[in-house]
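Sequential numbering from 135 applies to the sequence shown in the numbering used here.
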Amino acid sequence: MMSRKYNVVVTRQLPEAGQILLQDASDIEFVQWTEDRPCDRDWLLQHAKGASGILLMLTEKVNEELINAAGPQLKVIASFSVGTDHVDRSILKSHNIRLGYTPTALTDACADLAVMLTLMSQRRGGESLRKVLDGQWPQMPWSPLLLAGPPIRGATVGFLGFGRIAQATLKRLLPFGIARALYLTSRPRERAREHYIGLLDGSGIPVEPAQDWREVARESDVVIVGCALTPQTKHLVGPEFLATMKKRAVLVNIARGPIVDTDALVKALEEEQIFGAGLDVVENEPNIPADHALLKQERCILVPHIGSANTETREQMATESVRNLLAGLRGENMVNEVVL
Ligand code: DGY
């Protein structure tokens with residue numbers, strides 16, 4: 135006798151490999167949002183009713199409303215992301231719902247982008263490109279200090295958060311000849327030292343836990359934001375942080391927009407408190423109108439949350455999310471599960 139199938143909701147079309155895995159799973163029946171934009175909330179709430187699993191993106195909030203709409207049979211949320219700040223973990227825990235995510239698939243892609251944004255912001259990539267596209271090049275022939283910026287060689291690189299992506303970024307920056315790295319994590323300093331010691335043996339440069347954010351801001355030529363968004367990290371990079379940074383330093387954010395206070399960043403750029411910024415994420419994304427004050431800052435390069443956007447990575451995220459979903463339904467081990 136054929137046992138009953140699990141009802142599943144999938145909030146986006148997946149890259150092909152994930153889509154095939156989903157279609158081949160004989161124990162599920164799924165409904166899927168078909169448009170290439172975040173699904174309507176009403177659609178999600180309506181289709182979640184009676185679902186045992188939901189595969190969703192970072193654009194969908196997982197909160198009490200969704201869990202209640204689904205009902206008590208809901209077993210698993212599989213998020214197509216490394217970040218889980220869109221998920222209310224305590225609600226999942228109290229309802230015994232498992233949470234899968236894709237932290238290992240996108241490390242390299244995000245670290246690549248961190249390096250790109252570091253170099254772009256130091257070497258004024260956005261500003262240079264804008265001048266060429268605006269037809270200004272004929273008025274600004276080559277000159278010794280045209281669009282010159284600070285070097286990566288000899289830089290102290292400070293990391294806010296020192297997880298997989300930050301460490302992979304550091305490894306990529308070593309061959310550029312950086313002089314020193316500092317990192318700040320939620321672990322106390324000595325525990326952080328014990329935890330990370332050995333990880334970068336042979337790097338040939340000092341890699342040290344910082345006392346506090348002030349040390350990261352004060353000492354770094356490049357600050358890379360790679361921590362999770364939590365109530366403690368919201369606006370961690372605010373007016374005080376930016377005022378403590380060196381005038382020749384750049385800020386790179388590859389984590390979540392609200393960790394950086396946008397108004398404070400605009401002011402710091404306007405007043406030349408820092409040299410520049412490279413952002414993959416920003417508060418209130420994607421609702422950044424063309425006349426936003428941040429976009430008027432020549433020394434700020436902003437890209438639209440493309441950290442993990444290489445095709446192989448997105449394929450892998452898709453297959454891992456489907457595997458997590460199926461494992462959650464079947465009571466098996468996930469590829470990556472958040473301990474709630
Ligand atoms: C994630 O998966 O959380 C990233 O922000 C996507 O690039």
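Glycine is no exception: its CB is placed at the ideal position from the N, C-alpha and C atoms. Predicted, not measured: the structure shown is a model, and the values here were computed from it.
| query | result |
| --- | --- |
| Which listed residue (P392, L156 and M379) has its alpha carbon closest to that of T367 | P392 |
| Helix, strand or coil at Q273 [DSSP, three-state] | helix |
| Among R321, W177, L253 and S337, nearest to W347 - alpha-carbon criterion | R321 |
| The region 380-388 / the region 401-414 touching (three or more Cβ pairs under 8 Å) | yes |
| Span separating the alpha-carbon of C361 from that of M451 | 20 Å |
| Distance between beta carbons of A289 and A443, contact taken as under 8 Å | Not confirmed; about 26 Å, so no contact. |
| Close-in-space but distant-in-sequence residues of the same chain around Q147 (CB under 8 Å, 5 per side omitted) | Q153, Q166, W167, T168 and D170 |
| Check: S442 C-beta below 7 Å from any heavy atom of ligand 1 | yes |
| Per-residue DSSP class, three states only, for Y140 | strand |
| DSSP-derived helix/strand/coil call for I435 | strand |
| beta-carbon H329 near ligand 1 non-hydrogen atom, thresh 7 Å | no |
| Buried versus exposed call for L281 [16 or more other C-beta atoms within 10 Å across all chains shown] | exposed |
| A452 (DSSP reduced to helix, strand or coil) | helix |
| Assigned exposure category for G462 - 16 Cβ within 10 Å defines buried | buried |
| L190 CB to nearest heavy atom of ligand 1 below 7 Å | no |
| Contacting residues, own chain, Cβ-Cβ under 7 Å from T236 (five flanking each side not counted) | F214, S215, V216, M451, E454, S455 and N470 |
| Test item: CB-CB of L308 and S337 under 8 Å | yes |
| Contact test: L304 Cβ vs ligand 1 heavy atom, cutoff 7 Å | no |
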